[in-house]
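Numbering (this note's numbering), first residue to last: 186 to 367.
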């Protein structure tokens, strides 16, 4: 596949993702038909079936994309002292992709999207060289508590339409994590 073909695939998949997000604002995933999705996306059914088996495959793809971004973020951290700037970058990404996060949060692509992110993040932290010295089995409950607290803050922020600036949310998260780690 050459670069132009690869770019076309990305654009086509993005069109399906955007179409699905538009429809999910009005109805549940179970109520959406492939024909309806194709119509909203401006693409045909054969194109849909070139890439997906069903509509939930698109939700899975959106979730995997967010998990990849989350993994890149965690791997970019130098140590346990997460700065407000680094966290703010992650929150800006969430704000820029608010519709994707809300769709996944409200459509249970995994048993619970944020619980999935929690487990995924915890596993990444366990295996990250920069965190291995801090993390051990004795800290597992603490890590889970910190991550669940952060997820609760982010969910509340998303449900409020990201009204507060990312910098403010980052400061709150850093303060809570610092209190719990000390």
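Backbone N, C-alpha and C define an ideal beta-carbon position, used for all residues, glycine too.
Between the alpha carbons of residue 222 and residue 336 lies a distance of about 30 Å. Under the three-state reduction of DSSP output, residue 218 falls in the coil class, being neither helix nor strand. Between residue 347 and residue 280, the CB-CB gap stays under 8 Å. No residue range can be given for residue 210, since it is assigned to no alpha helix (DSSP H) and is classified by DSSP as neither H nor E.
Exclusion of the five residues before and after residue 285 leaves 202, 206, 247, 250 and 251 as the residues of its chain whose Cβ lies within less than 8 Å of its Cβ. Looking only at 349, 354, 351 and 358, the smallest Cα-Cα distance to residue 332 is reached by 358. Nearest C-alpha to residue 217 among 364, 197 and 243: 243.
Taking the CA atoms as reference points, residue 354 sits about 8 Å from residue 276. In this structure, the CA atom of residue 343 is about 11 Å from the CA atom of residue 291. In the three-state DSSP reduction, residue 244 falls in the helix class (H, G or I). Annotated as proximal: residue 230 and residue 219, with beta-carbon spacing under 8 Å. Here DSSP, grouped into helix, strand and coil, assigns residue 237 to coil.
Collapsing the DSSP output to three states places residue 282 in coil.
Straight-line measurement puts the Cα of residue 233 at about 40 Å from the Cα of residue 270. The beta carbon of residue 352 sits closer than 6 Å to those of 273, all from its chain and outside the five residues before and after it, given in chain order. Contact between residue 236 and residue 198 holds: their C-beta atoms lie close to 6 Å from each other, under 8 Å.
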